[in-house]
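Since the structure comes first, as structure tokens, the remarks are kept for the end.
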Amino acid sequence: MVKFGVGQSVKRVEDERLVTGGGKYADDFRLPGQAYMVIVRSPYAHAKITSIDVEDAKAAPGVIDIITGQELLDAGLGEVSNAAIAMIKQRDGSPGFKTTRHVLAVDRVRHAGNAIAAVIAETEMQARDAAELVMIDFDELPVIVDTEAAADPSSPVIWDENGSNVAYDWGKGDEGATDEALSKAHHVTKLKLINNRIVVNAMEPRAALAAYDTESDRYTLHVPSQGVHGMRDRIATDTLKIAPEKLRVITEDVGGGFGMKTFVYPEYPLALYAAKKLGRPVKWTADRAESFLTDTQGRDHVTEAQIALDEEGHILGIKIDTIANLGAYQSQFGAFIPTMAPRDMQAGVYKVPAIYNRVRAVLTNTVPVDAYRGAGRPEASYLIERLMDKAGHETGLGPAEIRRRNFIPSEEMPYDKKPSLPIDSGDFNRNLTDVLAKADYDAFEKRRAEKAKEGKLLGLGLAYYVERTAAGMSEFAQLMVDVEANVVHAYTGSQTNGQGHETVWMQYISSRLGLDAEQIVVHSGDSDVLPGGAGTGGSKAVYMSTGALGVASDTLIEKGKQIAANELEASLADIEYRGADGEPVFAVVGTDKRIDLFEVARKAESQTDSEALEAAGEYKEAGNSYPNGAHVCEVEIDRDTGAFHILRYIAVDDFGHVINPMIVDGQVHGGIVQGLGQAMGERTVYDTDSGQLLTGSFQDYWMPRADDLPFFETSYNEIPSKNNQLGVKGAGEAGTVGAPSVFINAVLDALRPLGVETVDMPVTPYALWQAIHGKGEKAA
91 MVKFGVGQSV KRVEDERLVT GGGKYADDFR LPGQAYMVIV RSPYAHAKIT
141 SIDVEDAKAA PGVIDIITGQ ELLDAGLGEV SNAAIAMIKQ RDGSPGFKTT
191 RHVLAVDRVR HAGNAIAAVI AETEMQARDA AELVMIDFDE LPVIVDTEAA
241 ADPSSPVIWD ENGSNVAYDW GKGDEGATDE ALSKAHHVTK LKLINNRIVV
291 NAMEPRAALA AYDTESDRYT LHVPSQGVHG MRDRIATDTL KIAPEKLRVI
341 TEDVGGGFGM KTFVYPEYPL ALYAAKKLGR PVKWTADRAE SFLTDTQGRD
391 HVTEAQIALD EEGHILGIKI DTIANLGAYQ SQFGAFIPTM APRDMQAGVY
441 KVPAIYNRVR AVLTNTVPVD AYRGAGRPEA SYLIERLMDK AGHETGLGPA
491 EIRRRNFIPS EEMPYDKKPS LPIDSGDFNR NLTDVLAKAD YDAFEKRRAE
541 KAKEGKLLGL GLAYYVERTA AGMSEFAQLM VDVEANVVHA YTGSQTNGQG
591 HETVWMQYIS SRLGLDAEQI VVHSGDSDVL PGGAGTGGSK AVYMSTGALG
641 VASDTLIEKG KQIAANELEA SLADIEYRGA DGEPVFAVVG TDKRIDLFEV
691 ARKAESQTDS EALEAAGEYK EAGNSYPNGA HVCEVEIDRD TGAFHILRYI
741 AVDDFGHVIN PMIVDGQVHG GIVQGLGQAM GERTVYDTDS GQLLTGSFQD
791 YWMPRADDLP FFETSYNEIP SKNNQLGVKG AGEAGTVGAP SVFINAVLDA
841 LRPLGVETVD MPVTPYALWQ AIHGKGEKAA
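And the structure:
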């Protein structure tokens, strides 16, 4: 492969390595003398632990040690991080309730799968066999798993210290102004929504390989993560109670993260503790059943909302009341996700004079809930786009016109009138016009009539999403010229989870340094290499990492210019670097005197104190980007069976300046699939009496498959962001934000002639059959 730069659809350079078995995931690592850890988990969703007997298990073949929660408390280990709760203030100004999550349960378990003990043995099978011999006596307690019911004061309380299942009652906005808007409105649309809980189901299960070196008094942890520095700091500070520099975290390839692999889980500090105690490496790998029972899950909201409109259909105010399920314990960012993460995102791309958002977060006997692709923004987009669609039909304006009347106009950007979002750039009307033209919107009613002759219901859904990507943190990068291999090594603090970082970072470095692709080697995932890193999440990596790489590139070039000036016997002011022209050379302006980058690096040893020509970069981005787009979905439903098919899915998105259109297509496709998965069939079900997870395997938990989906028709209107140097807008989560609402709007459009006004996710054929026939055949 030769030089390639920004804007080209270059095939992913990492794919050949990954699809031919060259990837290296956490479970692939082996260390000499490693032992194997298996976790003994609670079979009950809520119970007191009255005794733990490990004697028979200790005597089993190959068993090295058995660790319980009391031992960890006696050793001084802290809790598993739930840092975000400190950010939350209740509506009355008081702090929210903070759960205590021990690495291993001590006296009570609060969800099925709660970790109680660790068995470490010479082999994994010996550890599994011994785990069966650990005898635990329980006193079973009442359970609560339903989100809405958990807020009822009469429900069983799972944290006695709090006296209620409501961890906090949070609010944001002007409630008085919003209530006034509702009271004076010409029309008010009301809606109750369920945003269903989902299991993340990353392809690669979680794993940990821990080691401890007595000579240096340092730990090492191999783990699949979304950022090694955040993982290191939380484990070291919150749980192990050591300085962060005493822990090295390494992550290489990751088989899907989706937010779930950002967080610290009990198994990670537990393996580190065991490695130090036993003086040998300790390995743990989850099986799929453990993933269902212990990986953080997503969504799980019940929301009632109202939107107030004037005579012309303009928004006057929006009021939202959400009950959000946090699970049994507050996960690392769990408290942040339904509150601060989507703050004001419920305004969408519209002018909204007043908004009030109340969130009651409840604790239940279920797996903890935290960020899942989009992290609060899909929930917000689903709310406003369902409201806008319903309001469009109730007022007679229709879904397209009511949106047009309320869009923030492009000529008013950057827009900064709260509580609407401070969107810096975009042209919403253009994107909507384009997607409707591509969908042949004007001919839809003709298509509907033709399908009706075949006994089919046809619906066309429209949604306009906006996403706010993360900012306000620092990213780090380092470039090092390797004269032996004639390559430049690039290190970044972001962590690829399958997004194509290696390719995009290569493209960017190639455009800055003029190097061929083969001359650039991208690395990430070692907390010892860089002083820090923002990690991967919030669709920020493209501008954060390229920002840091840009600073490092400029510094490298300036260092190289000084060396080149000496070698070419010219003044520093006369030296130019021609990387932007595709030539990795330093030259004297106006002459043919030149020296290439690698030769300059070879000269660096004799001219500087450094062993290599290298440079570091730090970049901080204060401004968010706002990717947005108009999506259309056309759905066909069989009246007799409820079976449905998505006939077309069309997206016109604005991601600012697109560095690699092919990779962006892949990110959009993947995001849409995950959003449609939630809307079409993914559903996490707990038994209301026992608290057991009923959808705890792929036999019971539906996942989208290729033949469930159409070919996605994607295109882009590139309107550069004004908030970062590249003008990019993150694309990693956008499809997930837009897909649920556009699909449900399409389904409702098909059902509306039958008098069906609302359905909840997931929409299964059986649910559709019930909706169709439950309304009678008056519209048949």
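Residue numbering for the sequence shown follows my numbering, beginning at 91 and increasing consecutively.
Here a beta-carbon is modelled for each residue, glycine too, at the ideal position from N, C-alpha and C.
The model shown is predicted, which means the values in this text are computed figures rather than measured ones.
Can the beta-carbon of residue i be found closer than 8 angstroms to that of residue j?
i, j, result
"Pro-334", "Asp-323", "yes"
"Ile-749", "Tyr-581", "no"
"Leu-511", "Val-556", "yes"
"Gly-770", "Pro-800", "Before going on, a small fix: residue 770 reads as Met here, not Gly. Not a contact, by the Cβ cut-off of 8 angstroms."
"Gly-672", "Gly-828", "no"
"Arg-198", "Tyr-419", "no"
"Gly-786", "Leu-223", "no"
"His-136", "Leu-281", "no"
"Asp-117", "Ala-297", "yes"
"Ala-470", "Leu-552", "no"
"Thr-485", "Ile-474", "no"
"Tyr-791", "Val-289", "yes"
"Ile-175", "Ala-425", "yes"
"Asn-285", "Met-752", "no"
"Gly-707", "Gly-640", "yes"
"Glu-592", "Val-103", "yes"
"Glu-357", "Trp-374", "yes"
"Glu-544", "Ser-635", "no"
"Asp-460", "Gly-628", "no"
"Asp-390", "Arg-287", "yes"
So, is residue i buried or exposed, given that buried needs 16 or more other C-beta atoms within 10 angstroms?
i, result
"Val-109", "exposed"
"Met-293", "exposed"
"Gln-216", "buried"
"Gly-866", "Only weak support is given to the placement of Gly-866: the predicted model assigns it a pLDDT of 39, under 50, and the value that follows is read from those uncertain coordinates. Exposed is the call here."
"Gln-160", "exposed"
"Met-435", "buried"
"Val-679", "exposed"
"Ala-869", "Its pLDDT being 33, under 50, Ala-869 is placed unreliably in this model, and the coordinates cannot settle the point."
"Asp-343", "buried"
"Tyr-739", "buried"
"Asp-182", "exposed"
"Asp-400", "exposed"
"Thr-213", "exposed"
"Tyr-806", "buried"
"Val-92", "Residue placement at Val-92 is flagged as unreliable, the pLDDT there being 43, under the threshold of 50; a coordinate-derived value is accordingly withheld."
"Lys-331", "exposed"
"Leu-858", "buried"
"Leu-406", "buried"
"His-319", "buried"
Output the boundary residues of the beta strand (DSSP E) element that contains residue i.
i, result
"Asp-839", "Segment 824 to 841 is the alpha helix (DSSP H) holding Asp-839; no beta strand (DSSP E) there."
"Asp-76", "This structure cannot settle anything about residue 76, because the visible part of the chain is limited to 91 through 870."
"Ser-643", "Segment 631 to 658 is the alpha helix (DSSP H) holding Ser-643; no beta strand (DSSP E) there."
"Tyr-126", "125 to 131"
"Gln-782", "Taken as a continuous stretch (DSSP letters only), Gln-782 belongs to no beta strand (DSSP E), as it is neither H nor E."
"Glu-847", "No beta strand (DSSP E) contains Glu-847, which DSSP labels as neither H nor E."
"His-391", "391 to 399"
"Glu-666", "665 to 667"
Within the continuous alpha helix (DSSP H) that includes residue i, where are the two ends?
i, result
"Met-752", "751 to 770"
"Val-573", "No alpha helix (DSSP H) contains Val-573, which DSSP labels as neither H nor E."
"Lys-441", "Taken as a continuous stretch (DSSP letters only), Lys-441 belongs to no alpha helix (DSSP H), as it is neither H nor E."
"Phe-676", "It is not in any alpha helix (DSSP H) - Phe-676 instead sits in the beta strand (DSSP E) that spans 675 to 678."
Return the bridge partner residues of residue i from the DSSP annotation.
i, result
"Lys-710", "Ser-564"
"Glu-704", "Met-570"
"Thr-854", "Paired residues: none, contrary to the question."
"His-721", "Ala-553, Ala-741"
"Lys-101", "BP columns for Lys-101 are empty, so no partner."
"Ile-736", "Val-725"
"Asn-415", "Val-452"
"Asn-447", "Lys-262, Ile-410"
Answer yes or no: does any C-beta atom of chain D fall closer than 8 angstroms to that of residue i?
i, result
"Ala-221", "Of the protein chains in the structure, only one exists, and it is not chain D."
Entirely enclosed alpha helix (DSSP H) segments - the segment 290 to 369, minimum 4 residues: Counting whole runs of 4 or more residues, the segment 290 to 369 contains the alpha helix (DSSP H) stretches 318 to 324, 357 to 368.
Contiguous alpha helix (DSSP H) assignments of at least 4 residues, all confined to the segment 150 to 185: 159 to 164
Contained beta strand (DSSP E) runs [length at least 3] in the segment 574 to 622, N- to C-terminal order: 577 to 582, 610 to 614
Within the segment 256 to 291, ranges of the alpha helix (DSSP H) (whole runs, at least 4 residues): 265 to 274, all fully within the segment 256 to 291.
4 or more residues per run - each alpha helix (DSSP H) lying fully within the segment 511 to 547: 518 to 528, 534 to 543
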